[in-house]
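Participant: Counting in my numbering, the sequence shown runs from 7 upward without gaps.
Dropping the structure in here first, questions after.
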Amino acid sequence: MSGVLVTLLLGCGGPKPDAELTDSGTSEDTAANPNPDPAPWPHLAYPGVKSDEFSRGRMVNTWVGGAPVGARVLFYTSGTSMGEGPCEDDGHCFDILDPVLLGEAVSGEDEIATLVTDVAADEPFAHRYVQAVVEDPDSAARAFTNVLLRYVVATGADSPVSFSRMTSSHHPSPNTVGNTHTGGVAWIDYNNDYWSDLFVTNGADRQHFLFRNDGDGTFTDVSHLVPKPSQSIEDAGVKFGDLDNDGDSDIIVTADNPFFTSYVKNPSDGGPNMLYRNEGDGTFVEVAASAGIVDPRGWRTSSAALADIDNDGFLDLYLANWAVGVWPHENTDRMLLNRGDGTFDDVTEERGADGGGRDPLTVMFFDADLDGFSDLYVGNTAHVDEPPKFEPDDLFYRNDGGFFREVIAESPGMGDDAIAAMGMDVGDIDNDGDFDLYVTDFWNETPTLPKGNPLYLGHGDGTFSDNACEDRGVCVGYVSWPANFEDLDRDGDVDLVTGTQNDFMPDQVFINDGTGHFTYRLLGPLTNNAAHGGSTADYDGDGAVDLFFWNQASSSVLFRNDGIDDGEWLQLRLFGTVSNRDAIGAVVRATAGGVTQMRRVSGGDSAHSQRELIVHFGLGTHATAEVEITWPSGAVQTLGSIDADQLVFVDETAGVLTEDLTETTATWSASAEELTVTARSSFGGRTALSVDGDALTYDAAAVQHVHSVALVTVDPGSVEIVSERGGSWTVSTQVVP
Numbered sequence: 007m008s009g010v011l012v013t014l015l016l017g018c019g020g021p022k023p024d025a026e027l028t029d030s031g032t033s034e035d036t037a038a039n040p041n042p043d044p045a046p047w048p049h050l051a052y053p054g055v056k057s058d059e060f061s062r063g064r065m066v067n068t069w070v071g072g073a074p075v076g077a078r079v080l081f082y083t084s085g086t087s088m089g090e091g092p093c094e095d096d097g098h099c100f101d102i103l104d105p106v107l108l109g110e111a112v113s114g115e116d117e118i119a120t121l122v123t124d125v126a127a128d129e130p131f132a133h134r135y136v137q138a139v140v141e142d143p144d145s146a147a148r149a150f151t152n153v154l155l156r157y158v159v160a161t162g163a164d165s166p167v168s169f170s171r172m173t174s175s176h177h178p179s180p181n182t183v184g185n186t187h188t189g190g191v192a193w194i195d196y197n198n199d200y201w202s203d204l205f206v207t208n209g210a211d212r213q214h215f216l217f218r219n220d221g222d223g224t225f226t227d228v229s230h231l232v233p234k235p236s237q238s239i240e241d242a243g244v245k246f247g248d249l250d251n252d253g254d255s256d257i258i259v260t261a262d263n264p265f266f267t268s269y270v271k272n273p274s275d276g277g278p279n280m281l282y283r284n285e286g287d288g289t290f291v292e293v294a295a296s297a298g299i300v301d302p303r304g305w306r307t308s309s310a311a312l313a314d315i316d317n318d319g320f321l322d323l324y325l326a327n328w329a330v331g332v333w334p335h336e337n338t339d340r341m342l343l344n345r346g347d348g349t350f351d352d353v354t355e356e357r358g359a360d361g362g363g364r365d366p367l368t369v370m371f372f373d374a375d376l377d378g379f380s381d382l383y384v385g386n387t388a389h390v391d392e393p394p395k396f397e398p399d400d401l402f403y404r405n406d407g408g409f410f411r412e413v414i415a416e417s418p419g420m421g422d423d424a425i426a427a428m429g430m431d432v433g434d435i436d437n438d439g440d441f442d443l444y445v446t447d448f449w450n451e452t453p454t455l456p457k458g459n460p461l462y463l464g465h466g467d468g469t470f471s472d473n474a475c476e477d478r479g480v481c482v483g484y485v486s487w488p489a490n491f492e493d494l495d496r497d498g499d500v501d502l503v504t505g506t507q508n509d510f511m512p513d514q515v516f517i518n519d520g521t522g523h524f525t526y527r528l529l530g531p532l533t534n535n536a537a538h539g540g541s542t543a544d545y546d547g548d549g550a551v552d553l554f555f556w557n558q559a560s561s562s563v564l565f566r567n568d569g570i571d572d573g574e575w576l577q578l579r580l581f582g583t584v585s586n587r588d589a590i591g592a593v594v595r596a597t598a599g600g601v602t603q604m605r606r607v608s609g610g611d612s613a614h615s616q617r618e619l620i621v622h623f624g625l626g627t628h629a630t631a632e633v634e635i636t637w638p639s640g641a642v643q644t645l646g647s648i649d650a651d652q653l654v655f656v657d658e659t660a661g662v663l664t665e666d667l668t669e670t671t672a673t674w675s676a677s678a679e680e681l682t683v684t685a686r687s688s689f690g691g692r693t694a695l696s697v698d699g700d701a702l703t704y705d706a707a708a709v710q711h712v713h714s715v716a717l718v719t720v721d722p723g724s725v726e727i728v729s730e731r732g733g734s735w736t737v738s739t740q741v742v743p
């Protein structure tokens, strides 16, 4: 069968992948094959269809498509890593080690061979590699399919976490489009009421979206506040931060080109990036050109990341540029230094991080060596100089006091696993005091190419392990984009959620067992998505972290975490004074029950997206936690014991803040016999206020609490406003006609 390309599709208990499958073995093995060359076999490309995934040790509907009618198909599985497996007498070699025969089937008239069988799970996070051998009925020629990875999953029935798909008219569900490598969301609190609002990107000829969180679990569309300068702009992603330290967060939207096709030369030009400066009154002004974030060369920008790289108290910006299809590229990235007023100087050459002219899809700052300076990971699409030759080439820059040097060689094995790094996040998965890095990718089945979705375990000194995704159970056998570490079940360790780009590929929720090993839970609502972006926030303030996925060419979706666990929790919102106002880059540690967890205030994460500024901790059964904050300025602040189940506001200088009412009015109308009370809290909408036991209603549009009482026939003279947080304020009434 030497030299014959056989296109088959192997599916194991789930969606049919778009994998191309060839005759087996190395070139030497193939040349030694004594079988005669058969005629070309049918070339089929089935779309994905839904079928059952591995479930509680049972694998169903294992199938091969594209085989000749009547072909004998033998299905094999292995729980060990891929590698050069055993060879058969005819010189054909497996790509899996220790293959075990599951059974066999015959390809029918539809050219599909299906086998239903059981696969035992040795461990709760066990995975299985599957490979099939196809025998042509006429020539007896044999071909091996490529290898697929599938996890043995625990079903959602006994999951410690569940999600509900929020599809009412009061929840954001915008129709989103874009080229296959764009799409992102940002959980920005644009009006400072401490309810995270939602910005959603969109493709060319479509408006992007801004949804105001009304504080009662619902949203209002206020997209008119952030119009595109030109409808032709293709949004690539979005980030936010208080760039001018004036007390409100600004929005950065990176711009791509509507055209993208793999393996061809793509246009290098993109639309102008956008910067929406927050005016502090609920409005925005677009100032990208004057701020210096529009690429002067006109390059397409795939992503961005924010950090105060020199710890001068102002957020700086890294812009990632790409133009797939040409190597070497001239599309170097840009490092922009904040002048202190929200405008930027290009210091790319001076500061030493330009991306090498490669093709980044995702970039992220985090302090890998915990020295107080934010380091930079650049996740690239592997460049193609002789398609389909891939050369994975992620970059990792260590920040030495505001100047960067590329150090990925100091972590052997790091950065060479993701063929097309598309999203990433960091979290301390084993609570050992350092950040671990997870990069989403597309799965490539052959053993000679990297595995998708690598997990690099941090050592605390800025170096990382080789890919540990198999050992920890998070490799993922699908094309993945968004990813976030969050304690979804509030038990004291971060879990992981990833979204996949095809709607026939289920999204994954991986539950941490407390040691940094994960169990994959198949949750019904997290299916039928085409996720290319997404991130997390507790949008309804119930202490359970929620999720939003940006879906391509369909409605994007909000998922509410139902909070079915009974774990305690703690949330913190930080305000920098010496550090940047949004405290991006701060590292927060919470210790409960002798275990210390670590979080960071993010300047970008997931795929083209950014989580909210509020940091979340699950505390399990513990009612208090000791909290320590390392600010970007270098200051270390110890807060002492904090009670669970609350959002705490922390100032870099003043410490834990107490609530104050910044504006209050009480008016009594004799003619209407009505008393009206209004109040603005320093904690925005994240408080409950009452007068004489009657609750004030929060008005998100006005960012104030309001209450009217009818049939008040006598001027009360004054009223007392009481907060659920313990404060009380006496307000004198004003008499109006």
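C-beta: ideal position from N, C-alpha, C; glycine also.
Note down, one range per segment and in chain order, each beta strand (DSSP E) of at least 3 residues found wholly within the stretch 524 to 582.
Facilitator: For the stretch 524 to 582, whole beta strand (DSSP E) runs of length 3 or above, ordered along the chain, are 524 to 528, 537 to 543, 552 to 557, 563 to 567, 574 to 581.
Participant: In whole angstroms, what separates the C-alpha of residue 715 from that of residue 597?
Facilitator: Within the sequence shown, the letter at position 709 stands for residue 715. Within the sequence shown, the letter at position 591 stands for residue 597. Going by the C-alpha atoms only, they are around 46 Å apart.
Participant: Does the stretch 527 to 536 come into contact with the stretch 578 to 588, if we say contact requires no fewer than three beta-carbon pairs (one atom in each stretch) closer than 8 Å?
Facilitator: No contact exists between the stretch 527 to 536 and the stretch 578 to 588.
Participant: Only counting the same chain, and skipping five residues up and downstream in sequence, which positions put a Cβ closer than 7 Å to that of residue 141?
Facilitator: Along the sequence shown, read from residue 1 onward, the residue named residue 141 stands at position 135. Once the five neighbours on either side are set aside, the close Cβ partners of residue 141 are 77, 78, 148.
Participant: Counting Cβ pairs, one atom from each stretch, are 3 or more of them under 8 Å apart for the stretch 598 to 610 and the stretch 170 to 183?
Facilitator: With a cut-off of 8 Å, the stretch 170 to 183 and the stretch 598 to 610 do not count as touching, because too few Cβ pairs lie within range.
Participant: On the criterion of 16 or more Cβ atoms from any shown chain inside 10 Å, does residue 5 qualify as buried, or is it exposed?
Facilitator: Residue 5 is absent from the model: the chain starts at 7 and stops at 743.
Participant: Helix, strand or coil, according to DSSP, for residue 229 in the structure here?
Facilitator: Along the sequence shown, one-based indexing puts residue 229 at 223. Helix, per DSSP.
Participant: Comparing alpha-carbon positions, which option in 366, 374, 372 lies nearest residue 401?
Facilitator: As a position in the sequence shown, residue 401 is number 395, starting the count at 1. Among 366, 374, 372, the Cα nearest to that of residue 401 belongs to 366.
Participant: Comparing C-alpha positions only, which one of 345, 410, 494, 559 sits nearest to residue 527?
Facilitator: Within the sequence shown, numbered from 1, the residue matching residue 527 stands at position 521. Minimum Cα distance to residue 527 is reached at 494.
Participant: Cα separation between residue 118 and residue 71?
Facilitator: Position 112 of the sequence shown, counted from the start, is the residue given in the question as residue 118. Position 65 of the sequence shown, counted from the start, is the residue given in the question as residue 71. Whole-angstrom Cα-Cα distance: 4 Å.
Participant: How long is the line joining the alpha carbons of residue 524 and residue 516, rounded to whole angstroms?
Facilitator: Translated into positions along the sequence shown, residue 524 becomes position 518. Translated into positions along the sequence shown, residue 516 becomes position 510. Cα to Cα, residue 524 sits roughly 5 Å from residue 516.
Participant: Roughly how many whole angstroms lie between the Cα atoms of residue 539 and residue 488?
Facilitator: Numbered from 1 along the sequence shown, position 533 holds the residue referred to as residue 539. Numbered from 1 along the sequence shown, position 482 holds the residue referred to as residue 488. The straight-line gap from Cα to Cα measures roughly 5 Å.
Participant: Throw me the rounded Cβ distance for the residue 300 and residue 279 pair, which I believe falls under 8 Å.
Facilitator: Position 294 of the sequence shown, counted from the first residue, corresponds to residue 300. Position 273 of the sequence shown, counted from the first residue, corresponds to residue 279. Contact holds; Cβ gap of about 5 Å.
Participant: Assign residue 98 to buried or exposed, taking buried as 16 or more other Cβ atoms, counted over all protein chains shown, within 10 Å of its Cβ.
Facilitator: Taking the first residue of the sequence shown as 1, we reach residue 98 at position 92. Buried, since its Cβ has 16 or more Cβ neighbours within 10 Å.
Participant: Ignoring anything shorter than 3 residues or poking outside the stretch 677 to 725, list the beta strand (DSSP E) runs there in chain order.
Facilitator: List check, beta strand (DSSP E) in window: 680 to 687, 695 to 697, 703 to 705, 710 to 716.
Participant: What's the gap between the Cα of residue 246 and the Cα of residue 323?
Facilitator: By one-based count along the sequence shown, residue 246 stands at place 240. By one-based count along the sequence shown, residue 323 stands at place 317. So the two alpha carbons sit approximately 10 Å from each other.
Participant: Below 7 Å between beta carbons: does that hold for residue 255 and residue 543?
Facilitator: By one-based count along the sequence shown, residue 255 stands at place 249. By one-based count along the sequence shown, residue 543 stands at place 537. Cβ atoms of residue 255 and residue 543: not closer than 7 Å.
Participant: Which residue's Cα is closest to the Cα of residue 507: 492, 486, 204?
Facilitator: Counting from 1 along the sequence shown, the entry for residue 507 is found at position 501. Of 492, 486, 204, the residue nearest in Cα terms is 486.
Participant: Check for me: the alpha helix (DSSP H) holding residue 141 runs from which residue to which?
Facilitator: Working through the sequence shown from its first residue, we reach residue 141 at position 135. Residue 141 -> not in any alpha helix (DSSP H); beta strand (DSSP E) instead, spanning 133 to 141.
Participant: With DSSP collapsed to three states, give me the class of residue 489.
Facilitator: Mapped onto the sequence shown, residue 489 falls at position 483. Residue 489: strand per DSSP, three-state reduction.
Participant: Return yes when the Cβ of residue 374 is within less than 7 Å of the Cβ of residue 591, no when it is not.
Facilitator: In the sequence shown, counting from the first residue as 1, residue 591 sits at position 585. In the sequence shown, counting from the first residue as 1, residue 374 sits at position 368. No, Cβ-Cβ distance for residue 591 and residue 374 is not below 7 Å.
Participant: Is DSSP giving residue 356 helix, strand or coil here?
Facilitator: The residue you call residue 356 lines up with position 350 of the sequence shown. In this structure, residue 356 counts as helix in the three-state DSSP scheme.
Participant: With C-beta atoms as the reference, is residue 221 less than 7 Å away from residue 704?
Facilitator: For the purposes of this step, residue 221 is taken as residue 215 along the sequence shown, with counting starting at 1. For the purposes of this step, residue 704 is taken as residue 698 along the sequence shown, with counting starting at 1. Against a cut-off of 7 Å, the Cβ pair of residue 704 and residue 221 comes out as a contact.
Participant: May I ask which residues mark the beginning and end of the beta strand (DSSP E) holding residue 477?
Facilitator: Position 471 of the sequence shown, counted from the first residue, corresponds to residue 477. Here residue 477 belongs to no beta strand (DSSP E); instead the alpha helix (DSSP H) covers 475 to 478.
Participant: Once the 5 residues before and after residue 138 are set aside, which same chain residues still bring their CB inside 6 Å of it?
Facilitator: Indexing the sequence shown from 1 puts residue 138 at position 132. Answer for residue 138: 16, 70, 79, 81, 151, listed in chain order.
Participant: If you follow the alpha helix (DSSP H) that residue 295 is part of, which residue opens it and which one closes it?
Facilitator: The count along the sequence shown starts at 1 and reaches residue 295 at position 289. Where residue 295 is concerned, the enclosing alpha helix (DSSP H) stretches over 294 to 297.
Participant: Starting from residue 245 and walking both ways along the beta strand (DSSP E), at which residues does that stretch end?
Facilitator: By one-based count along the sequence shown, residue 245 stands at place 239. Note, residue 245: beta strand (DSSP E), 240 to 247.
Participant: So, residue 579 versus residue 689, is the Cβ gap smaller than 7 Å?
Facilitator: One-based indexing of the sequence shown puts residue 579 at position 573. One-based indexing of the sequence shown puts residue 689 at position 683. No, they are not a contact pair.
Participant: Please report the distance separating the alpha-carbon of residue 377 from that of residue 711.
Facilitator: In the sequence shown, counting from the first residue as 1, residue 377 sits at position 371. In the sequence shown, counting from the first residue as 1, residue 711 sits at position 705. Between residue 377 and residue 711, the C-alpha separation is close to 43 Å.
Participant: Report, in whole angstroms, the separation of the C-beta atoms of residue 351 and residue 305, which I expect to be a contact under 8 Å.
Facilitator: Residue mapping note: residue 351 aligns to position 345 of the sequence shown, counting from 1. Residue mapping note: residue 305 aligns to position 299 of the sequence shown, counting from 1. Not confirmed; about 18 Å, so no contact.
Participant: Run the CB neighbour count on residue 230, radius 10 Å, all protein chains shown included, and call it buried at 16 or more, exposed below.
Facilitator: Taking the first residue of the sequence shown as 1, we reach residue 230 at position 224. Burial call: exposed.
Participant: Taking just the CA atoms, how far does residue 474 sit from residue 93?
Facilitator: As a first step, residue 93 is located in the sequence shown; it is residue number 87 there, counting from the start. As a first step, residue 474 is located in the sequence shown; it is residue number 468 there, counting from the start. Roughly 28 Å separates the two Cα atoms.
Participant: Leaving aside the five residues before and after residue 565 along the sequence, list all residues of the same chain whose C-beta is less than 8 Å from its C-beta, in chain order.
Facilitator: On the sequence shown, position 559 is the one that residue 565 refers to. The residues are 169, 170, 171, 172, 531, 532, 552, 553, 554, 555.
Participant: If we ignore side chains and look at the alpha-carbon of each, how far apart do residue 307 and residue 368 end up?
Facilitator: Stepping through the sequence shown from its first residue, residue 307 is reached at position 301. Stepping through the sequence shown from its first residue, residue 368 is reached at position 362. Distance between the alpha carbons of residue 307 and residue 368 is about 10 Å.
Participant: Please report the straight-line C-alpha distance between residue 427 and residue 446, rounded to a whole angstrom.
Facilitator: Walking along the sequence shown from the start, residue 427 turns up at place 421. Walking along the sequence shown from the start, residue 446 turns up at place 440. Cα to Cα, residue 427 sits roughly 6 Å from residue 446.
Participant: Which stretch, first to last residue, makes up the beta strand (DSSP E) that contains residue 251?
Facilitator: Sequence index remark: in the sequence shown, residue 251 carries index 245 (1-based). No beta strand (DSSP E) holds residue 251; DSSP gives it neither H nor E.
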